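Written out below as structure tokens is the structure these notes cover.
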Amino acid sequence: MYREIRDPVHGPIGLCAGELAVVDTVTYQRLRNIRQLGFAEMTFPGATHNRYVHGLGAMFIAGKAFDAVFRDATWMSSGVRDRLRQTVRLAALLHDIGHPPLSHAAERMLPKLSAVNEVWKSETRQATHEDMTLALLLWGELSDVIDRQWNVLGIRSVHVAALIHADFPMDSPEPFVVQGRNLRPVLSQLVSSELDVDRMDYLLRDSYYTGVSYGRYDLDWLVGGLTIHTDETNDVYLALHSRALLTFEDFLLSRLHMFLMVYFHHRTNAYDRMLERFFETLGTDVTLPGGIQHYVETDDTSLMELLRHHRSNNWADRILRHAPLPRVVDLSGPHEQAAQSVIDYELRRIGVEPEWITSHGILSKYQCRDTASLPLFVIAERANGKTEAVLLKDATDLFRRYRDSTVLVRLHTAETDRDIARSVVSRVLA
439 MYREIRDPVH GPIGLCAGEL AVVDTVTYQR LRNIRQLGFA EMTFPGATHN RYVHGLGAMF
499 IAGKAFDAVF RDATWMSSGV RDRLRQTVRL AALLHDIGHP PLSHAAERML PKLSAVNEVW
559 KSETRQATHE DMTLALLLWG ELSDVIDRQW NVLGIRSVHV AALIHADFPM DSPEPFVVQG
619 RNLRPVLSQL VSSELDVDRM DYLLRDSYYT GVSYGRYDLD WLVGGLTIHT DETNDVYLAL
679 HSRALLTFED FLLSRLHMFL MVYFHHRTNA YDRMLERFFE TLGTDVTLPG GIQHYVETDD
739 TSLMELLRHH RSNNWADRIL RHAPLPRVVD LSGPHEQAAQ SVIDYELRRI GVEPEWITSH
799 GILSKYQCRD TASLPLFVIA ERANGKTEAV LLKDATDLFR RYRDSTVLVR LHTAETDRDI
859 ARSVVSRVLA
């Protein structure tokens with residue numbers, strides 16, 4: 439069986455029978471009711487798209503990216519190529535299945551990791567959506583579906599998990615070793631890195647549905663520039679032809695601008711803060727269910743039902759009435775932001791409760807090499823006709839030009855306190 443799904447961003451997206459079986463699970467269908475951008479709909483009315491279609495888009499790009507990366511890999515047999523390509527597509531499709539309601543907005547409601555599975559019973563930290571993705575993939579219905587549907591190709595759910603999380607422990611690297619080359623690094627980078635199919639899809643998709651132009655870039659040229667670099671230990675990493683370097687820079691800048699203009703919009707962030715305050719009033723005992731059978735029953739609708747159940751709560755009521763905390767002022771630059779503590783003190787002294795919302799926009803984690811576990815390379819062509827692999831940070835001065843993160847500091851208060859808060863800010867900054 440083969441089916442095409444019409445996507446407004448990429449056009450027809452084809453799915454084979456095995457992929458359809460995965461998409462038709464309760465676990466994946468749940469993503470129809472998880473909005474991609476959470477409360478962004480309150481700012482950008484068109485932003486009602488969900489993680490269901492984002493997963494399909496990421497899978498579509500993953501197939502194109504795999505073909506580009508291994509176009510010259512004559513050492514890879516057709517059988518191995520089919521197996522690895524399908525594993526990458528499945529990893530891209532399923533990389534977001536663990537998101538809580540409203541995506542990132544409800545992260546603080548995730549349960550303790552010990553409540554998710556016996557394997558993690560000694561863990562004391564809170565689960566992340568990445569943890570929930572692993573749990574749903576390894577111990578839920580998806581594990582049986584993947585193992586059954588892809589038995590012929592030798593694909594297991596643990597192989598998919600290993601590409602979604604580069605540090606996921608495996609008994610043996612053998613599934614990703616081909617002719618002595620370890621392909622797990624590059625395959626993982628296609629799914630999760632600074633140049634992954636997740637970002638490639640959500641930038642274009644979020645731009646389309648919010649109606650802004652910031653997130654647009656040349657997808658075909660960027661994907662066409664992908665290749666590989668094999669180091670001295672035969673580990674294979676993702677690389678980019680130098681001809682596509684400017685497109686990659688545009689890709690990074692597009693993402694930065696989307697954060698500053700869309701993801702960090704003051705109105706959307708105000709809703710996020712109100713939801714956070716609502717959760718705080720419920721106490722630490724109220725969380726999303728840890729058991730995966732119950733977790734898949736939680737979605738945006740169930741969260742809205744929770745808010746309606748607590749309508750008497752001020753924060754729940756404000757969210758349901760579409761009444762975000764009004765923004766008083768943006769503190770621009772280090773001079774004004776240095777006055778935040780003084781402003782905070784003066785406001786509290788006269789009985790005004792300030793809500794400070796701070797956002798940090800950074801161009802790329804490759805600016806901080808300690809946070810980038812898998813390096814990205816650029817294949818540079820020299821004047822003598824030879825090629826050389828250089829680290830991304832050494833191939834462009836973009837990181838130097840955007841060395842510092844962009845910090846947005848915003849003050850919000852209740853409507854009744856807005857005018858007096860503005861006068862306090864003006865007096866302090868004067």
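Under this note's numbering, the first residue of the sequence shown carries the number 439, and numbering increases by one thereafter. From the three backbone atoms N, C-alpha and C, an ideal C-beta is built for every residue, glycine too. These figures come from a predicted structure and were not determined experimentally.
query, result
"For I788, collect the residues of the same chain with a Cβ closer than 8 Å to its Cβ; drop the 5 residues on either side in sequence, then sort them by chain order.", "I858, V862"
"In whole angstroms, what is the alpha-carbon distance linking L830 and W794?", "36 Å"
"Could you check the C-alpha separation between D832 and L660 for me, to the nearest Å?", "19 Å"
"Look at the alpha carbon of T825 and the alpha carbon of S802, and state the distance between them as a whole number of angstroms.", "25 Å"
"Is the Cβ-Cβ distance between V847 and L785 less than 8 Å?", "no"
"Keeping to the same chain, check which residues put their C-beta closer than 8 Å to that of L657; ignore five residues upstream and five downstream.", "I499, M638, L642"
"Classify S811: buried if its beta carbon has 16 or more other beta carbons within 10 angstroms, exposed otherwise.", "exposed"
"With C-beta atoms as the reference, is R441 less than 8 Å away from L458?", "yes"
"Since A511 sits in a beta bridge, which residues does DSSP pair it with?", "Note: A511 sits in no beta bridge, so no partner."
"Are L726 and Y733 closer than 8 Å when you measure CB to CB?", "yes"
"In terms of alpha-carbon separation, which member of S843, V518, A529, G484 lies closest to P912?", "Since the first residue of the chain shown is 439 and the last is 868, residue 912 is not available in this structure."
"Once DSSP output is grouped into helix, strand and coil, what is the label at L698?", "helix"
"Buried or exposed for V780, please, with buried defined as at least 16 other CB atoms from any protein chain shown within 10 angstroms of its CB.", "exposed"
"If you follow the alpha helix (DSSP H) that A677 is in, where does it begin and where does it stop?", "Looking at the DSSP string, A677 is not in any alpha helix (DSSP H); the run it does join, the beta strand (DSSP E), is 674-679."
"From S541 to G476, what does the alpha carbon distance come to, in whole angstroms?", "6 Å"
"Just to confirm my understanding: we take F614, look at its own chain, exclude 5 residues before and 5 after, and list those with CB closer than 7 Å. What are they?", "N620, L621, R622, L625"
"Given a cut-off of 8 Å on the beta-carbon distance, is the pair G484 and T671 in contact?", "no"
"Evaluate contact between the segment 697-715 and the segment 754-770, counting only Cβ atoms and requiring at least three cross-stretch pairs below 8 Å.", "yes"
"What three-state label does DSSP hand E826 in the structure shown?", "strand"
"Could you tell me which whole beta strand (DSSP E) segments of length 3 or greater appear in the segment 714-776?", "765-769"
"For I535 and T486, which I take to be in contact (beta-carbon distance under 8 Å), what is that distance rounded to the nearest angstrom?", "That belief does not hold up - the Cβ atoms of I535 and T486 are roughly 20 Å apart, past 8 Å."
"Give me, in chain order, the residues of the same chain whose beta-carbon lies closer than 8 Å to that of N488; leave out the 5 immediate sequence neighbours on both sides.", "L469, R470, N471, I472, R473, Q474"
"May I have the straight-line CA-CA distance separating R759 from E718, to the nearest angstrom?", "19 Å"
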